[in-house]
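Per mature numbering (1 follows the signal peptide of the UniProt record, and there is no 0): the sequence shown = residues -22 to -1, 1 to 453.
Even for Gly, the Cβ is constructed at its ideal location relative to N, Cα and C.
Please read the structure below before turning to the comments.
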Amino acid sequence: MMTRLILIALALVAALTGKAGASLTLQEVLTSAREHAPKLLEQQAALRGAEGSVLAAEGAFDTTLDVEFRSRATGSWSGSYLKADAKRALTDNGVSVYGGYRVSDGRFPTYEDQYFTNSLGEFKLGVLVPLLQDRAFDTNRFRVADARLKREQEQIKTLIQAIEVQRNATIAYWEWVVAGHQLRVYEHLLAIAKQRDTALSRQVEEGAIANFALLENQQNITRRQTLVMNARQKFLMAANKLSLYYRSPKGIPQQPEEAQLPAMAEVFTGIAGVNLTTGPTEALVAKRPELESLNVALDRARQKLRLGENGLKPQLTLMGEVSRDFGGIAEGGSSRDSTDAIVGVRFSIPLGQRAARGSFRSAKADLDRLSFQRQRLMEQFIVELENLTLGVEMSQQRLMLTRQNAAQTQAMQKAEEIRFANGASDFFLLNVREEAASRAQIDHLLAALEFHASMASYSAAMMDLETLGLEEMPL
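As C-alpha coordinates, this is what we get:
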(Lines of atoms letter the chains of each structure in order from A and count residues from 1; the text may use other names and numbers.)
(Lines give C-alpha, C1' and ligand atoms only; values in the text may rest on other atoms or scores of the structure.)
Protein backbone atom coordinates (compact mmCIF):
# COMPACT_ATOMS: atom_id res chain seq x y z
CA MET A 1 0.00 0.00 0.00
CA MET A 2 2.82 2.37 0.96
CA THR A 3 4.63 1.64 -2.31
CA ARG A 4 1.49 2.44 -4.27
CA LEU A 5 1.06 5.73 -2.45
CA ILE A 6 4.70 6.65 -3.16
CA LEU A 7 4.27 5.87 -6.86
CA ILE A 8 1.10 7.98 -7.01
CA ALA A 9 2.88 10.85 -5.25
CA LEU A 10 5.83 10.62 -7.65
CA ALA A 11 3.49 10.60 -10.64
CA LEU A 12 1.68 13.65 -9.26
CA VAL A 13 4.98 15.51 -8.74
CA ALA A 14 6.09 14.62 -12.26
CA ALA A 15 2.80 15.82 -13.70
CA LEU A 16 3.01 19.10 -11.79
CA THR A 17 6.65 19.56 -12.81
CA GLY A 18 5.80 18.87 -16.44
CA LYS A 19 2.97 21.39 -16.31
CA ALA A 20 5.23 24.04 -14.78
CA GLY A 21 7.91 23.37 -17.34
CA ALA A 22 5.41 23.92 -20.13
CA SER A 23 5.15 27.65 -19.32
CA LEU A 24 7.12 29.84 -21.69
CA THR A 25 9.60 32.04 -19.82
CA LEU A 26 11.03 35.40 -20.80
CA GLN A 27 14.54 33.96 -20.62
CA GLU A 28 13.66 31.35 -23.26
CA VAL A 29 12.42 34.09 -25.59
CA LEU A 30 15.50 36.26 -25.00
CA THR A 31 17.85 33.34 -25.64
CA SER A 32 16.01 32.44 -28.84
CA ALA A 33 16.02 36.06 -30.06
CA ARG A 34 19.72 36.48 -29.31
CA GLU A 35 20.62 33.38 -31.29
CA HIS A 36 18.18 33.53 -34.22
CA ALA A 37 16.76 37.04 -34.77
CA PRO A 38 17.42 37.87 -38.47
CA LYS A 39 18.09 41.54 -37.70
CA LEU A 40 20.91 40.56 -35.36
CA LEU A 41 22.25 37.89 -37.72
CA GLU A 42 22.24 40.48 -40.50
CA GLN A 43 24.33 42.85 -38.38
CA GLN A 44 26.72 40.05 -37.41
CA ALA A 45 27.25 39.38 -41.13
CA ALA A 46 28.03 43.10 -41.59
CA LEU A 47 30.61 42.80 -38.80
CA ARG A 48 32.27 39.87 -40.56
CA GLY A 49 32.36 41.99 -43.71
CA ALA A 50 34.09 44.80 -41.79
CA GLU A 51 36.65 42.32 -40.50
CA GLY A 52 37.33 41.29 -44.09
CA SER A 53 37.80 44.96 -45.04
CA VAL A 54 40.45 45.32 -42.33
CA LEU A 55 42.33 42.35 -43.74
CA ALA A 56 42.08 43.79 -47.25
CA ALA A 57 43.38 47.18 -46.11
CA GLU A 58 46.31 45.57 -44.30
CA GLY A 59 47.16 43.86 -47.57
CA ALA A 60 48.67 47.16 -48.78
CA PHE A 61 51.66 46.32 -46.55
CA ASP A 62 52.14 42.82 -47.92
CA THR A 63 55.32 42.01 -49.77
CA THR A 64 54.81 42.10 -53.54
CA LEU A 65 56.78 39.70 -55.72
CA ASP A 66 57.03 40.30 -59.46
CA VAL A 67 58.76 37.77 -61.72
CA GLU A 68 59.45 38.19 -65.43
CA PHE A 69 61.15 35.86 -67.92
CA ARG A 70 61.87 36.59 -71.57
CA SER A 71 63.61 34.43 -74.16
CA ARG A 72 63.98 34.92 -77.92
CA ALA A 73 62.57 31.94 -79.74
CA THR A 74 63.67 33.07 -83.22
CA GLY A 75 65.76 35.81 -84.79
CA SER A 76 69.38 36.89 -84.89
CA TRP A 77 69.80 37.34 -81.13
CA SER A 78 69.93 34.58 -78.52
CA GLY A 79 69.34 36.58 -75.33
CA SER A 80 67.25 35.26 -72.42
CA TYR A 81 66.38 37.28 -69.36
CA LEU A 82 65.01 36.51 -65.89
CA LYS A 83 64.04 39.20 -63.37
CA ALA A 84 62.47 38.92 -59.88
CA ASP A 85 61.54 42.01 -57.84
CA ALA A 86 60.15 42.24 -54.29
CA LYS A 87 58.71 45.38 -52.70
CA ARG A 88 57.17 46.16 -49.35
CA ALA A 89 55.79 49.32 -47.73
CA LEU A 90 56.61 49.66 -44.04
CA THR A 91 53.76 50.56 -41.71
CA ASP A 92 55.26 53.19 -39.43
CA ASN A 93 56.93 55.94 -41.43
CA GLY A 94 55.93 55.63 -45.08
CA VAL A 95 59.25 54.07 -46.08
CA SER A 96 59.24 51.46 -48.84
CA VAL A 97 62.00 48.94 -49.39
CA TYR A 98 62.59 46.89 -52.48
CA GLY A 99 65.05 44.36 -53.79
CA GLY A 100 65.57 42.38 -56.92
CA TYR A 101 67.59 39.89 -58.81
CA ARG A 102 68.10 39.59 -62.55
CA VAL A 103 70.27 37.39 -64.74
CA SER A 104 70.76 37.21 -68.51
CA ASP A 105 72.21 34.71 -70.94
CA GLY A 106 73.13 35.18 -74.60
CA ARG A 107 73.36 38.31 -76.66
CA PHE A 108 71.00 41.30 -77.00
CA PRO A 109 70.86 44.09 -79.56
CA THR A 110 72.31 47.46 -78.53
CA TYR A 111 68.87 48.91 -77.86
CA GLU A 112 68.38 46.20 -75.19
CA ASP A 113 71.76 46.64 -73.62
CA GLN A 114 70.26 47.15 -70.16
CA TYR A 115 69.37 43.45 -69.97
CA PHE A 116 73.01 42.30 -69.76
CA THR A 117 74.33 40.98 -66.40
CA ASN A 118 77.37 39.02 -65.26
CA SER A 119 77.16 35.25 -65.35
CA LEU A 120 75.62 34.90 -61.85
CA GLY A 121 73.32 37.88 -62.24
CA GLU A 122 72.76 41.16 -60.43
CA PHE A 123 71.36 41.78 -56.95
CA LYS A 124 69.72 45.09 -56.12
CA LEU A 125 68.46 46.68 -52.87
CA GLY A 126 66.74 50.05 -52.58
CA VAL A 127 64.74 52.27 -50.26
CA LEU A 128 62.25 55.13 -50.78
CA VAL A 129 61.98 57.60 -47.91
CA PRO A 130 59.24 60.29 -47.98
CA LEU A 131 60.40 63.44 -46.19
CA LEU A 132 57.21 65.56 -46.29
CA GLN A 133 54.01 64.12 -47.80
CA ASP A 134 53.32 60.49 -46.75
CA ARG A 135 55.93 60.68 -43.98
CA ALA A 136 53.64 60.79 -40.91
CA PHE A 137 50.50 59.56 -42.68
CA ASP A 138 49.50 58.29 -46.09
CA THR A 139 46.64 56.68 -47.98
CA ASN A 140 47.54 53.11 -47.03
CA ARG A 141 47.74 53.89 -43.33
CA PHE A 142 44.50 55.84 -43.57
CA ARG A 143 42.74 52.87 -45.16
CA VAL A 144 43.94 50.52 -42.43
CA ALA A 145 42.99 52.92 -39.62
CA ASP A 146 39.61 53.66 -41.22
CA ALA A 147 38.84 49.96 -41.75
CA ARG A 148 39.69 49.17 -38.13
CA LEU A 149 37.53 52.02 -36.87
CA LYS A 150 34.69 50.91 -39.14
CA ARG A 151 35.01 47.40 -37.71
CA GLU A 152 34.75 48.92 -34.22
CA GLN A 153 31.62 50.79 -35.33
CA GLU A 154 30.11 47.55 -36.60
CA GLN A 155 30.90 45.87 -33.28
CA ILE A 156 29.11 48.66 -31.42
CA LYS A 157 26.26 48.57 -33.95
CA THR A 158 25.93 44.83 -33.29
CA LEU A 159 25.46 45.57 -29.60
CA ILE A 160 22.94 48.32 -30.42
CA GLN A 161 20.95 45.92 -32.61
CA ALA A 162 21.12 43.21 -29.95
CA ILE A 163 19.81 45.60 -27.28
CA GLU A 164 16.99 46.72 -29.58
CA VAL A 165 16.06 43.12 -30.45
CA GLN A 166 16.02 42.05 -26.80
CA ARG A 167 14.01 45.11 -25.76
CA ASN A 168 11.41 44.39 -28.47
CA ALA A 169 11.39 40.69 -27.58
CA THR A 170 10.75 41.53 -23.93
CA ILE A 171 7.84 43.82 -24.79
CA ALA A 172 6.40 41.27 -27.26
CA TYR A 173 6.58 38.56 -24.58
CA TRP A 174 4.68 40.59 -22.00
CA GLU A 175 2.14 41.74 -24.58
CA TRP A 176 1.44 38.07 -25.30
CA VAL A 177 1.23 37.15 -21.61
CA VAL A 178 -1.07 40.05 -20.72
CA ALA A 179 -3.25 39.47 -23.80
CA GLY A 180 -3.62 35.84 -22.77
CA HIS A 181 -4.79 36.73 -19.29
CA GLN A 182 -7.12 39.40 -20.65
CA LEU A 183 -8.69 36.62 -22.71
CA ARG A 184 -9.05 34.44 -19.60
CA VAL A 185 -10.69 37.27 -17.66
CA TYR A 186 -13.28 37.73 -20.42
CA GLU A 187 -13.76 33.97 -20.76
CA HIS A 188 -14.45 33.78 -17.02
CA LEU A 189 -16.92 36.64 -17.31
CA LEU A 190 -18.66 34.84 -20.18
CA ALA A 191 -18.74 31.58 -18.22
CA ILE A 192 -20.55 33.33 -15.34
CA ALA A 193 -23.22 34.59 -17.73
CA LYS A 194 -23.67 31.14 -19.30
CA GLN A 195 -24.00 29.47 -15.91
CA ARG A 196 -26.56 32.07 -14.92
CA ASP A 197 -28.43 31.48 -18.19
CA THR A 198 -28.97 27.84 -17.24
CA ALA A 199 -30.35 28.79 -13.83
CA LEU A 200 -32.53 31.56 -15.25
CA SER A 201 -33.95 29.25 -17.92
CA ARG A 202 -35.02 26.81 -15.23
CA GLN A 203 -36.58 29.59 -13.16
CA VAL A 204 -38.50 30.93 -16.18
CA GLU A 205 -39.82 27.45 -16.91
CA GLU A 206 -40.94 27.16 -13.30
CA GLY A 207 -42.61 30.59 -13.50
CA ALA A 208 -40.46 31.96 -10.69
CA ILE A 209 -39.23 34.95 -12.72
CA ALA A 210 -40.25 36.83 -15.86
CA ASN A 211 -38.75 36.04 -19.26
CA PHE A 212 -37.28 39.56 -19.37
CA ALA A 213 -34.46 38.56 -16.99
CA LEU A 214 -33.50 35.69 -19.30
CA LEU A 215 -33.44 37.97 -22.35
CA GLU A 216 -31.27 40.51 -20.51
CA ASN A 217 -28.78 37.80 -19.54
CA GLN A 218 -28.67 36.51 -23.11
CA GLN A 219 -27.86 40.06 -24.18
CA ASN A 220 -25.00 40.02 -21.66
CA ILE A 221 -23.81 36.72 -23.13
CA THR A 222 -23.73 38.21 -26.63
CA ARG A 223 -21.81 41.27 -25.42
CA ARG A 224 -19.34 39.14 -23.48
CA GLN A 225 -18.87 36.79 -26.44
CA THR A 226 -17.84 39.84 -28.45
CA LEU A 227 -15.34 40.77 -25.74
CA VAL A 228 -13.93 37.23 -25.80
CA MET A 229 -13.68 37.23 -29.58
CA ASN A 230 -11.83 40.57 -29.61
CA ALA A 231 -9.54 39.44 -26.81
CA ARG A 232 -8.73 36.19 -28.62
CA GLN A 233 -7.88 38.10 -31.80
CA LYS A 234 -5.55 40.33 -29.80
CA PHE A 235 -3.99 37.28 -28.14
CA LEU A 236 -3.37 35.53 -31.47
CA MET A 237 -1.88 38.68 -32.96
CA ALA A 238 0.41 38.98 -29.95
CA ALA A 239 1.46 35.35 -30.48
CA ASN A 240 2.26 36.14 -34.12
CA LYS A 241 4.40 39.07 -33.03
CA LEU A 242 6.18 36.99 -30.42
CA SER A 243 7.01 34.32 -33.02
CA LEU A 244 9.44 36.80 -34.62
CA TYR A 245 11.61 36.38 -31.51
CA TYR A 246 10.61 32.93 -30.23
CA ARG A 247 12.12 30.60 -32.82
CA SER A 248 12.95 26.94 -33.25
CA PRO A 249 16.55 25.67 -32.99
CA LYS A 250 16.68 26.08 -36.79
CA GLY A 251 15.62 29.71 -36.55
CA ILE A 252 12.05 29.21 -37.82
CA PRO A 253 9.37 31.40 -36.17
CA GLN A 254 7.13 29.38 -33.89
CA GLN A 255 3.90 30.51 -32.29
CA PRO A 256 3.65 29.93 -28.55
CA GLU A 257 0.66 27.85 -27.57
CA GLU A 258 -2.00 28.97 -25.11
CA ALA A 259 -0.98 26.10 -22.82
CA GLN A 260 2.46 27.75 -22.48
CA LEU A 261 0.96 30.88 -20.92
CA PRO A 262 2.49 31.43 -17.47
CA ALA A 263 0.32 31.96 -14.41
CA MET A 264 -1.12 35.44 -13.82
CA ALA A 265 1.04 35.80 -10.71
CA GLU A 266 4.13 35.82 -12.96
CA VAL A 267 2.95 39.09 -14.50
CA PHE A 268 3.36 40.85 -11.15
CA THR A 269 6.39 38.96 -9.79
CA GLY A 270 9.36 41.12 -8.82
CA ILE A 271 7.74 44.46 -9.64
CA ALA A 272 7.77 45.76 -6.08
CA GLY A 273 11.49 45.04 -5.63
CA VAL A 274 12.73 47.03 -8.63
CA ASN A 275 15.26 49.72 -7.71
CA LEU A 276 16.35 52.23 -10.32
CA THR A 277 19.99 53.19 -10.61
CA THR A 278 20.84 56.67 -9.43
CA GLY A 279 23.92 58.73 -10.21
CA PRO A 280 25.29 61.41 -12.55
CA THR A 281 23.08 61.33 -15.62
CA GLU A 282 25.79 62.48 -18.03
CA ALA A 283 28.17 59.74 -16.86
CA LEU A 284 25.48 57.11 -17.43
CA VAL A 285 24.51 58.48 -20.83
CA ALA A 286 28.14 58.69 -21.96
CA LYS A 287 28.26 54.88 -21.87
CA ARG A 288 25.48 54.56 -24.44
CA PRO A 289 26.69 52.55 -27.47
CA GLU A 290 25.17 55.15 -29.81
CA LEU A 291 27.57 57.73 -28.38
CA GLU A 292 30.45 55.24 -28.48
CA SER A 293 29.70 54.72 -32.17
CA LEU A 294 29.66 58.47 -32.70
CA ASN A 295 33.00 58.76 -30.90
CA VAL A 296 34.42 56.25 -33.36
CA ALA A 297 32.90 58.24 -36.22
CA LEU A 298 34.71 61.30 -34.86
CA ASP A 299 37.95 59.31 -34.87
CA ARG A 300 37.31 58.35 -38.49
CA ALA A 301 36.74 62.02 -39.33
CA ARG A 302 40.02 62.93 -37.61
CA GLN A 303 41.86 60.33 -39.67
CA LYS A 304 40.30 61.80 -42.79
CA LEU A 305 41.43 65.24 -41.64
CA ARG A 306 44.97 63.91 -41.20
CA LEU A 307 44.85 62.56 -44.73
CA GLY A 308 43.71 65.96 -45.96
CA GLU A 309 46.59 67.65 -44.12
CA ASN A 310 48.98 65.15 -45.67
CA GLY A 311 47.68 66.05 -49.13
CA LEU A 312 48.57 69.73 -48.55
CA LYS A 313 52.24 68.87 -48.16
CA PRO A 314 54.57 68.68 -51.19
CA GLN A 315 56.07 65.37 -52.17
CA LEU A 316 59.77 65.12 -51.35
CA THR A 317 61.08 61.58 -51.60
CA LEU A 318 64.65 60.41 -51.02
CA MET A 319 65.71 57.36 -53.01
CA GLY A 320 68.75 55.15 -52.39
CA GLU A 321 69.72 52.03 -54.34
CA VAL A 322 72.70 49.66 -54.35
CA SER A 323 73.28 47.00 -57.03
CA ARG A 324 76.07 44.50 -57.63
CA ASP A 325 76.75 41.92 -60.35
CA PHE A 326 78.32 38.57 -59.43
CA GLY A 327 80.13 35.88 -61.39
CA GLY A 328 82.29 36.08 -64.45
CA ILE A 329 82.02 38.80 -67.07
CA ALA A 330 79.42 37.75 -69.61
CA GLU A 331 78.46 38.97 -73.07
CA GLY A 332 77.67 42.46 -71.76
CA GLY A 333 81.32 43.20 -71.07
CA SER A 334 83.20 44.54 -68.08
CA SER A 335 80.95 47.58 -67.57
CA ARG A 336 78.64 45.39 -65.44
CA ASP A 337 81.36 44.21 -63.10
CA SER A 338 81.01 46.85 -60.38
CA THR A 339 79.02 47.96 -57.32
CA ASP A 340 76.66 50.79 -58.19
CA ALA A 341 75.22 53.12 -55.56
CA ILE A 342 72.52 55.58 -56.64
CA VAL A 343 71.01 58.41 -54.61
CA GLY A 344 68.14 60.54 -55.86
CA VAL A 345 65.47 63.02 -54.81
CA ARG A 346 62.00 63.53 -56.23
CA PHE A 347 59.93 66.68 -55.63
CA SER A 348 56.34 67.27 -56.69
CA ILE A 349 53.60 69.75 -55.73
CA PRO A 350 50.31 70.73 -57.37
CA LEU A 351 50.48 74.49 -57.90
CA GLY A 352 46.82 75.12 -57.18
CA GLN A 353 46.29 72.43 -54.49
CA ARG A 354 42.52 72.72 -54.94
CA ALA A 355 42.00 68.97 -54.61
CA ALA A 356 43.97 68.82 -51.37
CA ARG A 357 42.41 71.97 -49.92
CA GLY A 358 38.93 70.76 -50.86
CA SER A 359 39.46 67.39 -49.17
CA PHE A 360 40.79 69.12 -46.06
CA ARG A 361 37.80 71.48 -45.82
CA SER A 362 35.37 68.61 -46.35
CA ALA A 363 37.01 66.58 -43.58
CA LYS A 364 37.00 69.58 -41.22
CA ALA A 365 33.30 70.23 -41.88
CA ASP A 366 32.49 66.55 -41.28
CA LEU A 367 34.35 66.67 -37.97
CA ASP A 368 32.37 69.75 -36.89
CA ARG A 369 29.09 68.12 -37.94
CA LEU A 370 29.79 65.01 -35.88
CA SER A 371 30.78 67.11 -32.87
CA PHE A 372 27.44 68.94 -32.97
CA GLN A 373 25.64 65.63 -33.50
CA ARG A 374 27.31 64.19 -30.41
CA GLN A 375 26.21 67.19 -28.35
CA ARG A 376 22.65 66.82 -29.63
CA LEU A 377 22.49 63.10 -28.88
CA MET A 378 24.00 63.61 -25.43
CA GLU A 379 21.29 66.11 -24.52
CA GLN A 380 18.59 63.95 -26.11
CA PHE A 381 19.67 60.81 -24.22
CA ILE A 382 19.80 62.68 -20.89
CA VAL A 383 16.17 63.76 -21.33
CA GLU A 384 15.23 60.27 -22.55
CA LEU A 385 16.79 58.60 -19.50
CA GLU A 386 15.04 61.03 -17.15
CA ASN A 387 11.72 60.34 -18.88
CA LEU A 388 12.26 56.58 -18.78
CA THR A 389 13.04 56.75 -15.07
CA LEU A 390 9.91 58.81 -14.53
CA GLY A 391 7.89 56.35 -16.65
CA VAL A 392 8.99 53.37 -14.53
CA GLU A 393 8.22 55.20 -11.29
CA MET A 394 4.79 56.30 -12.52
CA SER A 395 3.95 52.82 -13.80
CA GLN A 396 4.77 51.42 -10.35
CA GLN A 397 2.36 53.90 -8.79
CA ARG A 398 -0.34 53.07 -11.36
CA LEU A 399 0.16 49.40 -10.57
CA MET A 400 -0.47 50.09 -6.89
CA LEU A 401 -3.62 52.07 -7.66
CA THR A 402 -5.00 49.52 -10.13
CA ARG A 403 -4.27 46.73 -7.64
CA GLN A 404 -6.26 48.58 -4.99
CA ASN A 405 -9.07 49.24 -7.46
CA ALA A 406 -9.14 45.58 -8.54
CA ALA A 407 -9.33 44.43 -4.91
CA GLN A 408 -12.07 46.95 -4.13
CA THR A 409 -14.23 46.11 -7.15
CA GLN A 410 -13.82 42.40 -6.50
CA ALA A 411 -14.96 42.94 -2.92
CA MET A 412 -17.92 44.92 -4.20
CA GLN A 413 -18.78 42.09 -6.60
CA LYS A 414 -18.73 39.48 -3.83
CA ALA A 415 -20.84 41.70 -1.61
CA GLU A 416 -23.35 42.22 -4.43
CA GLU A 417 -23.51 38.46 -5.01
CA ILE A 418 -24.45 37.98 -1.34
CA ARG A 419 -27.06 40.72 -1.54
CA PHE A 420 -28.46 39.19 -4.75
CA ALA A 421 -28.64 35.75 -3.13
CA ASN A 422 -30.55 37.28 -0.24
CA GLY A 423 -32.94 39.10 -2.58
CA ALA A 424 -31.64 42.55 -1.63
CA SER A 425 -30.21 43.33 -5.10
CA ASP A 426 -31.25 42.99 -8.72
CA PHE A 427 -29.82 41.31 -11.78
CA PHE A 428 -28.80 44.57 -13.49
CA LEU A 429 -26.68 45.78 -10.57
CA LEU A 430 -25.01 42.38 -10.24
CA ASN A 431 -23.94 42.50 -13.92
CA VAL A 432 -22.55 45.98 -13.39
CA ARG A 433 -20.46 44.77 -10.44
CA GLU A 434 -19.16 41.76 -12.37
CA GLU A 435 -18.10 43.78 -15.39
CA ALA A 436 -16.55 46.52 -13.24
CA ALA A 437 -14.48 43.89 -11.44
CA SER A 438 -13.33 42.43 -14.78
CA ARG A 439 -12.39 45.88 -16.14
CA ALA A 440 -10.44 46.63 -12.97
CA GLN A 441 -8.57 43.34 -13.29
CA ILE A 442 -7.72 44.12 -16.91
CA ASP A 443 -6.62 47.63 -15.98
CA HIS A 444 -4.27 46.05 -13.47
CA LEU A 445 -2.88 43.74 -16.16
CA LEU A 446 -2.40 46.66 -18.58
CA ALA A 447 -0.61 48.62 -15.85
CA ALA A 448 1.73 45.66 -15.41
CA LEU A 449 2.32 45.59 -19.19
CA GLU A 450 3.13 49.30 -19.09
CA PHE A 451 5.61 48.65 -16.29
CA HIS A 452 7.34 45.80 -18.13
CA ALA A 453 7.56 47.86 -21.34
CA SER A 454 8.98 50.82 -19.40
CA MET A 455 11.49 48.57 -17.66
CA ALA A 456 12.56 47.04 -20.97
CA SER A 457 13.22 50.50 -22.40
CA TYR A 458 14.97 51.57 -19.20
CA SER A 459 17.19 48.46 -19.22
CA ALA A 460 18.06 49.14 -22.85
CA ALA A 461 18.95 52.77 -22.09
CA MET A 462 21.04 51.69 -19.08
CA MET A 463 22.65 48.87 -21.09
CA ASP A 464 21.63 46.34 -18.44
CA LEU A 465 22.92 43.42 -20.49
CA GLU A 466 22.12 40.85 -17.83
CA THR A 467 18.43 41.80 -17.72
CA LEU A 468 18.32 41.77 -21.54
CA GLY A 469 19.97 38.34 -21.74
CA LEU A 470 23.16 39.77 -23.25
CA GLU A 471 25.60 39.35 -20.36
CA GLU A 472 27.98 37.43 -22.64
CA MET A 473 28.09 40.28 -25.17
CA PRO A 474 30.47 42.99 -23.85
CA LEU A 475 30.72 46.46 -25.39
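Which of helix, strand or coil DSSP assigns to residue i
i	result
E101	It is worth fixing the name first, because residue 101 is Phe in this sequence and not Glu. Of the three classes helix, strand and coil, the one that applies to F101 here is strand, per DSSP.
Q293	strand
N108	Correcting the residue identity first, residue 108 is Pro in this sequence and not Asn. Strand at P108.
G158	helix
F86	coil
R210	helix
S54	coil
R121	helix
R113	coil
T445	coil
D44	strand
T176	helix
V252	coil
V73	coil
residue 459	An answer regarding residue 459 cannot be provided, because it is not within the stretch -22 to 453 covered by the chain.
residue 455	This structure does not reach residue 455, given that the chain is present from -22 up to 453, and the question cannot be answered.
T95	coil
A67	strand
D277	helix
T3	coil
Y436	helix
E450	coil
S49	strand
I199	helix
Rounded straight-line distance, which links the Cα of residue j to that of residue i
i	j	result
L168	E357	51 Å
Y436	R354	20 Å
R324	A64	21 Å
P87	T52	14 Å
D91	D303	15 Å
S31	E142	26 Å
W152	A438	16 Å
A414	Q211	22 Å
S416	Y164	7 Å
A341	L60	47 Å
A241	A279	53 Å
Q375	L222	32 Å
L379	G158	22 Å
T3	T200	35 Å
A426	A34	51 Å
L137	L443	10 Å
S85	Q331	Note on residue identity: the sequence assigns Arg, not Ser, to residue 85. Going from the Cα of R85 to the Cα of Q331 covers about 49 Å.
S226	E449	22 Å
D277	E29	18 Å
T445	L127	29 Å
G286	V122	16 Å
I134	V252	28 Å
S301	V75	14 Å
H430	A393	33 Å
G306	G104	24 Å
For residue i, the residue or residues it bridges with in DSSP
i	result
residue 465	Nothing in the structure corresponds to residue 465, since the chain is present only between -22 and 453.
R80	K61 and E100
V182	In DSSP, V182 forms no bridge with anything.
A24	Bridge partners of A24: none, in fact.
E13	Its beta-bridge partners do not exist; DSSP assigns none.
Within-9 Å CB hit, residue i to chain D
i	result
A343	This model lacks chain D altogether; it includes just one protein chain.
Closer than 8 Å: residue i CB and nearest the ligand MG heavy atom
i	result
Q391	This structure lacks the ligand MG; in fact it carries no ligand of any kind.
- Counting Cβ pairs, one atom from each stretch, are 3 or more of them under 8 Å apart for the region 224 to 232 and the region 2 to 16? yes
- Please specify which runs of the beta strand (DSSP E), each continuous and at least 3 residues long, are wholly inside the region 386 to 432, giving them in chain order. none
- Query: Between the region 263 to 272 and the region 289 to 305, are three or more C-beta pairs nearer than 8 Å?
  - Reply: no
- Task: Answer yes if the region 303 to 323 comes into contact with the region 94 to 114, meaning at least three C-beta pairs across the two stretches below 8 Å, and no otherwise.
- Result: yes
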